[in-house]
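K.L.:
I have a structure I would like to understand better, so I am pasting it below and will then ask my questions one at a time.
In the numbering used here, the protein residues as written are 2 to 145.
The structure is reproduced here in structure tokens:
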């Protein structure tokens with residue numbers, strides 16, 4: 002796994018990849034998310050997996066069977082990063098320095114701990130550089 006294709010992917014990107022909008026039949030974000038995931042070595046955390054699961058259950062009416070299949074797929078195909086004491090403590094430093102939310106700082110600290118140079122998300126400032134090693138990238142920025 003090279004640094005050029007290792008990345009951390011936030012829940013909103015996974016959700017776009019797993020679903021298509023009923024309002025917009027050919028939502029370009031769906032295809033962009035799928036392409037991103039297929040062309041990189043994505044990492045995600047247990048937190049991200051939980052966020053994806055709850056949103057797919059609530060908003061997209063996924064069945065429990067579909068969620069179980071998704072969870073198995075995450076563990077088989079991607080790097081699932083655990084949350085631990087070091088992540089929680091590092092997140093506190095990130096929150097203080099970059100004024101991020103509790104949940105966003107957890108994602109950032111997990112990406113940092115797993116040496117991901119890019120964090121793909123819609124939820125944070127595009128281009129923000131964290132600790133001079135992690136860049137926040139909105140993969141849909143050029144689509145809007």
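Glycine included, each C-beta is placed from N, C-alpha and C at the ideal position.
Just tell me which of 110, 100, 99 and 55 has its CA closest to the CA of residue 90.
P.N.:
Position 89 of the chain shown, counting from 1, holds the residue named residue 90. Looking at the Cα atoms, 110 is the closest of the given residues.
K.L.:
Which residues in the same chain have their Cβ closer than 7 Å to the Cβ of residue 6, if we skip the five residues on either side of it in sequence?
P.N.:
By one-based count along the chain shown, residue 6 stands at place 5. 41 and 42.
K.L.:
Is the segment 27–35 touching the segment 54–72 in the sense that three or more CB pairs, one from each, lie closer than 8 Å?
P.N.:
As far as the Cβ criterion goes, the segment 54–72 does not touch the segment 27–35, which means the pair count is below three.
K.L.:
Look at the Cβ atom of residue 46, then the Cβ atom of residue 8, and state whether they are nearer than 7 Å.
P.N.:
Taking the first residue of the chain shown as position 1, residue 46 is located at position 45. Taking the first residue of the chain shown as position 1, residue 8 is located at position 7. Their beta carbons are not under 7 Å apart, which means residue 46 does not touch residue 8 by this criterion.
K.L.:
In angstroms, rounded to a whole number, what distance separates the CA positions of residue 87 and residue 106?
P.N.:
Here residue 87 refers to the residue found at position 86 of the chain shown. Here residue 106 refers to the residue found at position 105 of the chain shown. The alpha-carbon atoms of residue 87 and residue 106 are separated by roughly 13 Å.
K.L.:
Quick one: what does DSSP say residue 142 is sitting in, helix, strand or coil?
P.N.:
Indexing the chain shown from 1 puts residue 142 at position 141. DSSP places residue 142 in helix when its eight states are reduced to three.
K.L.:
With distance defined between alpha-carbon atoms, name the residue in 37, 49 and 18 nearest to residue 12.
P.N.:
If you number the chain shown from 1, residue 12 lands on position 11. Nearest option by C-alpha distance: 49.
K.L.:
Determine the direct distance from the alpha carbon of residue 37 to that of residue 67, and round the result to whole angstroms.
P.N.:
Along the chain shown, one-based indexing puts residue 67 at 66. Along the chain shown, one-based indexing puts residue 37 at 36. Each residue's Cα considered, the two are about 22 Å apart.
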